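I have placed the structure first, in the form of structure tokens, so that the comments after it can refer back to it.
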Amino acid sequence: MKFLEARQLTKRFGGLTAVDNVDFDVDKGEILGLIGPNGSGKSTTMSLIMGLHKPDAGSIHLNGVDIAGWTPNRIAGMGVSMVFQHSRPLQQQTVLQNVLLACLPNKVTHLRVSDAQREKAIESLRLVGLNGVHDKAPSELPFAGLRRLEVAKALARDPDLLLLDEPFAGLSAGEVREFSDLIRHLKGSGRALILVDHNVKSVAALVDRAVAMSSGQRIAEGSPRDVLANADVRRVYLGSQSDTVAPEVRRDDSDAPPVLRVKNLNVFYGKAQALSNVSIDVVDKGVTAVVGLNGAGKTSLFNAIAGLLPSRGEISVRDRSIAGMPAYEIARSGIVLCPESRELFGDMSVLENLKLGGMHLSAADLRERLEFVEQIFPRLAERRRQYARTLSGGEQQQLAIGRALMMKPKLLLIDEPTLGLAPIVMDIISESIEALRKSGELSLLLAEQNMVFASRHADSVYLVEHGSIEWSGPAHQFVEQAGSKIL
Amino acid sequence: MNVNTQSIRRPMVGLVIVSLAAAILPYVGLQEYSLSILTLGLFFAVYSMSWDLLFGYAGEANFGATFLIGTGAYTAALMSSNGVATPLVCVAAGAAAAVIAGAILAFPALRLRGPYFGLVTLVAVLIMRQLIILFSDKTGGEIGIAVPDVIALDSATNFHIALGLAAVTASVLYFLVKSPFGLILEAIGQDPINAQVLGFNIVKYKLTAFCVSAFFSGLAGALMTFYLGTASTNVFVDASVGVQIIIAAIVGGRRTVFGPILGALFMAAASEYLRPLGSLSELSVALIALIVLFFLPGGLLGLVRLARRPS
């Protein structure tokens, strides 16, 4: 019997099966890597173990006890700790008090901190390399320091099973190395660790075994080397050769001026730099794709273009600068963002959602526009009266794009059109993107972590990693020239 | 946090000094009228401090402070007017009843996520008010119940009772929020998911905080009934009184324990001394509150701290 055994774990959110019949084990003294692209269900799997979501089916045996469906605090009491990707420490308290919090028992009558608890907190801080900052406020710590603080909190609980959600996100190369050493050290003290990461390469050297997930399903398991070489894993990350055949309508983009030009764009979130000197040209009446893993900076780029994020650098549409314009003016000028989260009005019908997109149009224009959208997405015409929240994931994505199209965009930015969609549904989105290209009405800019999908449609591709452009060029050269950067 | 006994000792010593200094006020020529305003302000301070334990620390907005206060007040008044027990027993029963009623109300409401807790507590006040009016043969309806007994007649003793209650409430609450209990409560208020993952049963902690809040609210409600000599809905069971309690906490400085005392005294004094303005007085109090909210997000106590800090 392994220390943790998950069997047939399943979790559904509405029409979307986020985790689909997944099995895995992890033993003490072992690091299991849970890898897969964004939306593949790995973070949900972690939430199921921690009890943040209740599984719809399956079992999770910890030390022989089935903990599936327990509350998080009971599971924590069984010796499970989790380090979140986004740290939210108590700002009014010191670093030491933040760790002390984790040392406290779940007992309302416990009103004094014991010396043992205090020593435990200090020891945990020492273990993660945070010395001499006990009395500082968390806001005074650098980004990597905050991550260390979260690990110290988890360690203070002396967990037998430690869950790490994207521990390397946002860290520099040097910090990644230091953190890997720390994680390796934790394994040495007889703990079981599960580590979630979308970046396969960074964890390959660290984990003992890897489970690869895609669309909620386990697609491979084994040593990191085997998983990296697995054909299914390569297809998920890179696509197969047959997928990257150039679309029939491939525009010659060399002479036409770009519809949107971004130059030397920088975006900061507090201390973390999300984008550094990003420059892209968006092909007029064509499809341009920005690809990269989760956290690479694609959404930041899109939000900056749409005016939702403050940024430094140039953003111009046909030589007219739009940098610094308010978001609604950018949207009215024809640059429309279809966000990753879709932002549909769940308790409104499909038709009402579409009409809201075309609010500024005259009645005749609105009718004509509706026809255009329903011609591209026939499914939406069939479901006109249905509430948006009752649609399947794929239909919701169609509606989100449809609603954005109602605004008559000159340039449509679609953030992660295929996120969380089953392969068969991706084909429908594929067809509609080709239909939009053929209509010759607008230019498209896609953000995708699914490189297969992106290179199938794009005229030109930009690969973003850690907030900067690592490669750019025509789609058909992508796998050959840039594939090694990913796997 | 009382790991650092230093950090809790100094404010506590300060509280004792201020309380002792305030206790001699009746003997240094403070007028009866001013004393009565201070007395009411101190009861109000207890309500406001108790309310802020839940909002300032656990992050739950209780719109039904007067449900707890009213339970304490009406329990004491009904027992006293029916000659069941002595005033002190009535006061103890009032505090106990507020804790019991509060727990029954809060246990299901605190398990829900989102704004439901606030809504449930608001509705509880409205229902209680209607029930009191419905059973007016027992409760006196909108006129209220007269309480035959008194705890003390002279205004100095009543002032001392209110002052003592406020000081004890402040000490207990300050000790609690600086203890591990308070730290966990704050963690729950800021990030409930993380708090659960650290092993804390958040419903248990919030419910405990609510019961502590209910205890002091009910106790103060019962004592104030004996001070006023009547229990009536407009004083004890009224959503708008609940809003004033909230304003007092925010004006004084939320998440400070002592701030709401300043806020409550300020509100009591303002509404009393601005009374000549007629209906303009309520408007002025509201405007002052709005100005404090906009320009002093830390409240009046935040201003004191700002002045103390060397630039």
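Taken in sequence, the protein lines are chains F and W.
Going left to right, the first sequence walks through residues 1442 to 1928 as my numbering numbers them.
Going left to right, the second sequence walks through residues 31 to 341 as my numbering numbers them.
Beta carbons: idealized from backbone N, C-alpha and C, even for Gly.
As the structure is a computational prediction, the values presented were derived from the model and not from experiment.
Who does Ala-1651 (chain F) pair with in a DSSP beta bridge?
Here residue 1651 (chain F) is taken as the residue at index 210 of the first sequence, counted from 1. Ala-1651 (chain F) pairs with F:Gly-1474, F:Gly-1663.
With a Cβ-Cβ cutoff of 8 Å, do Val-1920 (chain F) and Ser-1913 (chain F) count as a contact?
Reading the first sequence from its first residue, position 479 is the one you call residue 1920 (chain F). Reading the first sequence from its first residue, position 472 is the one you call residue 1913 (chain F). Not closer than 8 Å, so no.
For Ala-239 (chain W) and Gly-113 (chain W), the rounded distance between their alpha carbons:
For this step, residue 113 (chain W) is matched to residue 83 along the second sequence. For this step, residue 239 (chain W) is matched to residue 209 along the second sequence. Each residue's Cα considered, the two are about 33 Å apart.
Which class does His-190 (chain W) belong to by DSSP, given the choice of helix, strand or coil?
Residue 190 (chain W) sits at position 160 when you count from the first residue of the second sequence. His-190 (chain W) falls in the helix class under three-state DSSP.
If you run the structure through DSSP and keep just helix, strand and coil, what is Val-1700 (chain F)?
Reading the first sequence from its first residue, position 259 is the one you call residue 1700 (chain F). It is coil, neither helix nor strand.
What span of residues does the beta strand (DSSP E) with Lys-1452 (chain F) cover, start to end?
As a working mapping, residue 1452 (chain F) is identified with position 11 in the first sequence. Start and end: 1445 to 1454.
Please work out which residues of its chain come closer than 7 Å, Cβ to Cβ, to Arg-1824 (chain F), disregarding the five sequence neighbours upstream and downstream, and give them in chain order.
The count along the first sequence starts at 1 and reaches residue 1824 (chain F) at position 383. So the list reads Val-1791, Leu-1832, Glu-1836, once near-sequence residues are dropped.
In the structure shown, what three-state DSSP assignment does Asn-1640 (chain F) receive?
As a working mapping, residue 1640 (chain F) is identified with position 199 in the first sequence. Looking at Asn-1640 (chain F) - three-state DSSP - the assignment turns out to be coil, as it is neither helix nor strand.
Judging by CA-CA distance, which residue of F:Pro-1600, F:Gly-1736, F:Val-1732, F:Val-1758 is the nearest neighbour of Val-1723 (chain F)?
Mapped onto the first sequence, residue 1723 (chain F) falls at position 282. Nearest of F:Pro-1600, F:Gly-1736, F:Val-1732, F:Val-1758 to Val-1723 (chain F), Cα basis: F:Val-1758.
Sequence-distant residues of the same chain with beta carbon closer than 8 Å to Leu-1587 (chain F), five excluded per side
For the purposes of this step, residue 1587 (chain F) is taken as residue 146 along the first sequence, with counting starting at 1. The answer, listed in chain order, is Ser-1528, Pro-1530, Pro-1579.
Let me check understanding here. Comparing Cα to Cα, which of W:Leu-323, W:Ile-223, W:Gly-282, W:Lys-234 lies closest to Leu-140 (chain W)?
Counting from one through the second sequence, the residue named residue 140 (chain W) turns up at place 110. Cα-wise, what sits closest to Leu-140 (chain W) is W:Lys-234.
How would you label Val-43 (chain W), buried or exposed, when you count the other beta carbons within 10 angstroms and need 16 or more for buried?
For the purposes of this step, residue 43 (chain W) is taken as the residue at position 13 of the second sequence. Flag for Val-43 (chain W) reads exposed.
Run through chain F and tell me which residues come within less than 7 Å of Ala-217 (chain W), C-beta to C-beta.
Reading the second sequence from its first residue, position 187 is the one you call residue 217 (chain W). Ordered by position in chain F, the residues that pass the 7 Å Cβ test against Ala-217 (chain W) are Leu-1531, Leu-1542.
Interface residues of chain F around Tyr-235 (chain W) at Cβ under 7 Å?
Position 205 of the second sequence holds residue 235 (chain W). Correct list: Val-1549.
Using the rule of at least 16 other Cβ atoms within 10 Å of the residue's Cβ for burial, across every protein chain shown, is Lys-1452 (chain F) buried or exposed?
As a working note, residue 1452 (chain F) is residue 11 in the first sequence. Flag for Lys-1452 (chain F) reads buried.
Using 8 Å as the threshold, is the C-beta distance between Leu-1649 (chain F) and Glu-1446 (chain F) below it?
Within the first sequence, the letter at position 208 stands for residue 1649 (chain F). Within the first sequence, the letter at position 5 stands for residue 1446 (chain F). In the sequence as displayed, the identity of residue 1649 (chain F) is Asp instead of Leu. Cβ distance not < 8 Å, so Asp-1649 (chain F) and Glu-1446 (chain F) don't count as in contact.
Count the C-beta pairs between the stretch 191 to 205 of chain W and the stretch 59 to 66 of chain W that are closer than 8 Å, then say yes if the count reaches three, no if not.
no
Just by C-beta distance, which residues in the stretch 232 to 262 of chain W are closer than 7 Å to chain F?
Those residues of the stretch 232 to 262 of chain W that come within reach of chain F (Cβ to Cβ, closer than 7 Å) are Lys-234, Tyr-235, Thr-238.
Helix, strand or coil at Phe-325 (chain W) [DSSP, three-state]:
Taking the first residue of the second sequence as 1, we reach residue 325 (chain W) at position 295. Note: Phe-325 (chain W) maps to helix in three-state DSSP.
How big is the Cα-Cα spacing for Asn-1744 (chain F) and Ala-126 (chain W)?
In the first sequence, counting from the first residue as 1, residue 1744 (chain F) sits at position 303. In the second sequence, counting from the first residue as 1, residue 126 (chain W) sits at position 96. Rounded to whole angstroms, Asn-1744 (chain F) to Ala-126 (chain W) spans 55 Å at the Cα level.
Alpha helix (DSSP H) segments (min. 4 residues) lying fully within the stretch 1869 to 1900 of chain F
The qualifying runs are 1892 to 1898.
When DSSP labels each residue in this structure, what does Ser-1757 (chain F) get in the three-state scheme?
Indexing the first sequence from 1 puts residue 1757 (chain F) at position 316. Strand, per DSSP.
Quick check: Leu-135 (chain W) and Val-150 (chain W), are their CB atoms within less than 8 Å of each other?
To locate residue 135 (chain W), count along the second sequence from 1; it is residue 105. To locate residue 150 (chain W), count along the second sequence from 1; it is residue 120. Yes. Within cutoff.
I need the boundaries of the alpha helix (DSSP H) containing Ser-1484 (chain F), first residue and last residue.
Translated into positions along the first sequence, residue 1484 (chain F) becomes position 43. Its alpha helix (DSSP H) spans residues 1483 to 1491.
Please list, in chain order, the residues of the stretch 1566 to 1596 of chain F that have any C-beta partner in chain W closer than 8 Å.
Lys-1594
Beta bridge counterpart(s) of Ala-176 (chain W) as assigned by DSSP
As a first step, residue 176 (chain W) must be located in the second sequence, where it is residue number 146. DSSP output for Ala-176 (chain W) lists W:Thr-260 as bridge partner(s).
In chain F, which residues lie less than 8 Å from Asp-82 (chain W) when you measure between Cβ atoms?
Locating residue 82 (chain W) in the second sequence gives position 52, counting from the first residue. Within 8 Å Cβ-Cβ: nothing; Asp-82 (chain W) doesn't reach chain F, min ~15 Å.
CA-to-CA distance, Ala-154 (chain W) to Gly-170 (chain W), given in whole angstroms
Here residue 170 (chain W) is taken as the residue at index 140 of the second sequence, counted from 1. Here residue 154 (chain W) is taken as the residue at index 124 of the second sequence, counted from 1. Computed Cα separation, rounded: 20 Å.
Can you confirm whether the stretch 1777 to 1786 of chain F touches the stretch 1731 to 1751 of chain F when touching is taken to mean that 3 or more C-beta pairs between the two stretches lie within less than 8 Å?
yes
Going along chain F, which residues have a C-beta under 7 Å from Gly-229 (chain W)?
The sequence position of residue 229 (chain W) within the second sequence is 199, counting from 1. Chain F residues near Gly-229 (chain W): Asn-1514, Ala-1517, Gly-1518, Asn-1547, Arg-1598.
Below 8 Å, how does it come out for the stretch 272 to 280 of chain W and the stretch 90 to 102 of chain W: are there three or more Cβ pairs, yes or no?
Result yes; three or more Cβ-Cβ pairs closer than 8 Å.
Is the CB-CB distance between Val-1569 (chain F) and Leu-1596 (chain F) below 8 Å?
By 1-based counting over the first sequence, the position of residue 1569 (chain F) is 128. By 1-based counting over the first sequence, the position of residue 1596 (chain F) is 155. Yes, the Cβ-Cβ distance between Val-1569 (chain F) and Leu-1596 (chain F) is below 8 Å.
Going by the beta-carbon positions, is the gap between Thr-1458 (chain F) and Gly-1657 (chain F) smaller than 8 Å?
Within the first sequence, residue 1458 (chain F) is the residue found at index 17, counting from 1. Within the first sequence, residue 1657 (chain F) is the residue found at index 216, counting from 1. Yes, the Cβ-Cβ distance between Thr-1458 (chain F) and Gly-1657 (chain F) is below 8 Å.
Does DSSP put Asn-224 (chain W) in a helix, a strand or coil?
Indexing the second sequence from 1 puts residue 224 (chain W) at position 194. DSSP places Asn-224 (chain W) in the helix class (H, G or I) of the three-state scheme.
Quick one: what's got a C-beta closer than 8 Å to Ser-1873 (chain F)'s C-beta in the same chain, skipping five residues either side?
As a position in the first sequence, residue 1873 (chain F) is number 432, starting the count at 1. Contacts found: Ile-1817, Phe-1818, Gln-1839, Ile-1842.
Taking 8 Å as the threshold (beta carbon to beta carbon), is Gln-61 (chain W) in contact with chain F?
Within the second sequence, the letter at position 31 stands for residue 61 (chain W). No, Gln-61 (chain W) does not count as interfacial toward chain F.
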